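Accompanying notes for the structure given below.
Chains as they are written, first to last, in the numbering used here: chain P, 1 to 475; chain H, 476 to 738.
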């Protein structure tokens, strides 16, 4: 075999692998979208006679501890906490954990909620950085603030878990806006599911562009800047198509760190949040699955509720987006490498047979193949080893498939409550579902590749996430 | 040359249809099937995108129109709620809620049921009477026999809000055949109707419900007020192990508070 023949053979094999990789990946995405469509449709019909009010006023509805880790969140913390204190739920406590902020986060809280030192035991079953002080609000009996040395988000959450009083806890980012009935919505599966529900996540929506008054979303709108609009489409696709599908077969591996509800005793039992990963939210869900399955328990659920529960500010600059996506990719790979025993392990059910392998081969390491694809097409096209018409056909198929998946996400977003109300929103979302294939997706792929490199080099941490302070500006 | 023509056909996608391909389109000269797969995928995706685009457009337009129409009609019937709150004569209130067009019955009932949800005392009683006089109750009772489980679920919810004691027998008769989620809706509806005669059926239901739903059942039983307490105690005796400790504590507090309260 001559060198030229070997090269052609190599290109042909790569082409074959890429085409089938593309085919399998998108078939799975489409299948998940189809499952999600049915599930969401049924869920929305059920919402009409959901009886949330009865659930929220019943004395037997479990109380919830809301944990808010805050590190340099002075811009939005007061509005966030005020918003949380006014949610529609019978019994809850809000625990803000000031994780060694160097700005005026604690002062904002002291000023806004008349905090006084509280004599409560802050030590608990989980090891954390030292807690410097605990405060209680004079005006809100259910608000507690912990001031501790910086130890990262996981450490802050563990400190909060140590003093949380209730059976369920919910974590929420300090810059997020919670829907007033969010806790009712995520507690409904816990209360009404025939099997034990140990964790619930909901859709996190992009707040950029929305009209916010007193920490509440009063008008849903799209931002003018294109980057957050791309993320609106992406969030719809990821949350509504992907997670709803996984949840349907109890194979959900991620509950967003921005908002998630869990059974406290179980989380404490498995040692709380892990501090040595940037994907602590996904890691927790995986360890919960692991704990249950190893204990021989199959009848449990980690659910995803397709109702909008939480709004967050999406990165509006490429630099911040880059940090976020690199961190997500690194976290994903870290967690996947920690739980390799799940791979094709029937003990884990659909999680081991479908969800984990899919995340590992496609979402995790698949980025290498994607990059290889770009390289092979570029080099092969340049050298004439790959025919131009094939490249064009592949390009068209990729764009059409990407558009199809994004449109499915947009449709599901339109079906769920708090949809974008105007025709212009709809036209923009559809336009962005097409345009994102020409640059944005490639950018995200590149950032994922960088995240993968960070993982291989063992580099990368949380990094700074600058906020424009949506809450503060609109408050 | 043939392959190139096929690719351009898929790219243009102006007339993409399987029928357009000649039977020997399997690229026999190279044997590489990947390109054919890509072409077929392009065609399928293209039509799927077009179909989805049209569907989203129709979906959005239909829901927008429907919502606008219903809002307009609801505004007409909301006058009935205002008249109720202003304590206007009953006949005037009934007239305000009376359906006038095809499809109005559902809208008028929705406005009425939604108001009942938020009102108490005389205004609520007046609206309940209106629901009976305008045949809303019968209409909703008929819906309990609907083929769609969601229609039945909604009917049960509405009957609960309408405090319709005639519905108890009908709900109990279908409850056993319903799925778990509708069973909960049925129990919630019975609790909202509030007739303590239904309480023994809650105890019976406890034997068929999964253990995780027992606390939910207890919370629904408490909706009946102090009259439910002996039944709740019985439930505790039979299924006490199913209550998480924190909830059990709350339940005992609730029962103790009921004992202290004046009869």
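All C-beta atoms in this analysis are idealised placements derived from N, C-alpha and C, irrespective of residue type, glycine included. Bear in mind that the values here come from a model prediction, so they are computed numbers and not experimental data.
Query - Three-way DSSP call (helix, strand, coil) for residue 609 of chain H in this model - result: In this structure, residue 609 of chain H counts as coil in the three-state DSSP scheme.
Requested in this report: Ignore the nearest five residues each way along the sequence and tell me which others in residue 713 of chain H's own chain have a CB closer than 7 Å to its CB.
Outcome: So the list reads 681, once near-sequence residues are dropped.
Query - Within chain P, the residues that residue 725 of chain H reaches when beta carbons sit closer than 8 Å - result: 59 and 60
Report task. Could you name each continuous beta strand (DSSP E) segment of 3 residues or more that falls completely within the region 323–371 of chain P, going from the start of the chain to the end? Result -> none
Query raised in the report: Can you tell me whether DSSP reads residue 412 of chain P as helix, strand or coil?
Result: helix
Query raised in the report: Under a Cβ-count criterion, where at least 16 other Cβ atoms within 10 Å of its own Cβ denotes burial, should residue 498 of chain H be classed as buried or exposed?
Result: Low local confidence applies: a pLDDT of 49 at residue 498 of chain H is under 50, so the model's placement there is unreliable, with the coordinate-based value given in what follows. Classification of residue 498 of chain H: exposed, given that the 10 Å Cβ count is below 16.
Query raised in the report: Can you give the beta carbon distance from residue 92 of chain P to residue 63 of chain P, rounded, assuming they're within the 8 Å contact cut?
Result: 6 Å
Query raised in the report: With distances taken from CA atoms, which of P:50, P:350 and P:272 is nearest residue 154 of chain P?
Result: Ranking the options by Cα distance to residue 154 of chain P, first place goes to P:272.
**Report entry** Buried/exposed call for residue 561 of chain H, threshold 16 Cβ in 10 Å
**Finding:** exposed
Requested in this report: Check whether the Cβ atoms of residue 167 of chain P and residue 721 of chain H lie closer than 7 Å to each other.
Outcome: Their beta carbons are under 7 Å apart, which means residue 167 of chain P touches residue 721 of chain H by this criterion.
**Report entry** For residue 353 of chain P and residue 286 of chain P, the rounded distance between their alpha carbons
**Finding:** 14 Å
Query raised in the report: Excluding five sequence neighbours on each side, which residues of the same chain lie with their C-beta closer than 7 Å to the C-beta of residue 116 of chain P?
Result: 135, 136 and 138
Query raised in the report: By Cβ distance, which residues of its chain are closer than 6 Å to residue 210 of chain P, with the 5 residues on each side in sequence left out?
Result: Short of 6 Å from the beta carbon of residue 210 of chain P, and not among the five residues preceding or following it, lie these beta carbons of its own chain, in chain order: 217, 220 and 221.
Query - Reference residue 685 of chain H; option with closest CA among H:700, H:654, H:702 and H:701 - result: H:654
Query - Neighbour flag for residue 196 of chain P against chain H, beta carbons, 7 Å - result: yes
**Report entry** the region 358–382 of chain P: positions lying closer than 7 Å to chain H by Cβ
**Finding:** none
Query raised in the report: What is the residue span of the alpha helix (DSSP H) that residue 232 of chain P lies within?
Result: Judged by DSSP secondary structure, residue 232 of chain P falls within the alpha helix (DSSP H) whose first and last residues are 226–235.
Requested in this report: Given a cut-off of 7 Å, decide if residue 572 of chain H and residue 590 of chain H are closer than it, judged by their beta-carbon atoms.
Outcome: No, these two residues do not count as a Cβ contact at 7 Å.
Query raised in the report: Nearest to residue 672 of chain H by CA position, among H:683, H:647, H:656 and H:694, is which residue?
Result: H:647
Query - Bounding residues of the beta strand (DSSP E) (the contiguous stretch that carries residue 213 of chain P) - result: Start and end: 211–213.
Query raised in the report: Do the region 260–268 of chain P and the region 182–202 of chain P meet, that is, are 3 or more Cβ pairs less than 8 Å apart?
Result: yes
Requested in this report: Using a cut-off of 8 Å between C-beta atoms, extract the partners of residue 656 of chain H located in chain P.
Outcome: 46 and 192
Query raised in the report: Would you say the beta carbon of residue 419 of chain P comes nearer than 6 Å to a heavy atom of the ligand HEM?
Result: Ligands displayed in this structure: none; no statement on the ligand HEM is therefore possible.
Query - When H:616, H:548 and H:511 are compared against residue 649 of chain H, the one with the closest alpha-carbon - result: H:616
**Report entry** Interface partners of residue 403 of chain P on chain H, CB under 7 Å
**Finding:** Within chain H, the residues near residue 403 of chain P are 524.
Report task. Could you check the C-alpha separation between residue 417 of chain P and residue 387 of chain P for me, to the nearest Å? Result -> Spanning the alpha carbons of residue 417 of chain P and residue 387 of chain P requires a straight line of approximately 47 Å.
Report task. Just the C-alpha distance for residue 437 of chain P and residue 516 of chain H, rounded to the nearest angstrom, thanks. Result -> 17 Å
Requested in this report: State the DSSP-derived secondary structure class of residue 139 of chain P, mapped to helix, strand or coil.
Outcome: coil
Query raised in the report: Can you name the residues of chain P whose CB is closer than 8 Å to the CB of residue 685 of chain H?
Result: 194 and 195
Query - Where the beta strand (DSSP E) through residue 639 of chain H begins and ends - result: Unbroken run through residue 639 of chain H: none, as it is neither H nor E.
Query raised in the report: Near residue 71 of chain P, what residues of its chain come up, given a Cβ to Cβ distance below 6 Å and the 5 sequence neighbours on each side ignored?
Result: Result list for residue 71 of chain P: 99 and 101, in chain order.
Query raised in the report: When the Cβ atoms of the region 26–41 of chain P are set against those of the region 230–249 of chain P, are three or more pairs found closer than 8 Å?
Result: Three or more pairs of CB atoms, one per stretch, sit closer than 8 Å, so the region 26–41 of chain P contacts the region 230–249 of chain P.
Query raised in the report: Over what stretch of residues does the alpha helix (DSSP H) that includes residue 23 of chain P continue unbroken?
Result: Residues 3–48.
Query raised in the report: Which residues share a DSSP beta bridge with residue 302 of chain P?
Result: P:199
Query - Sequence-distant residues of its chain with Cβ nearer than 6 Å to residue 380 of chain P (five each side left out) - result: 11 and 386
Requested in this report: Thinking residue 731 of chain H and residue 695 of chain H are a contact (beta carbons under 8 Å), I'd like their distance in whole angstroms, please.
Outcome: Not quite, the Cβ-Cβ distance comes to about 20 Å (not below 8 Å), so this is no contact.
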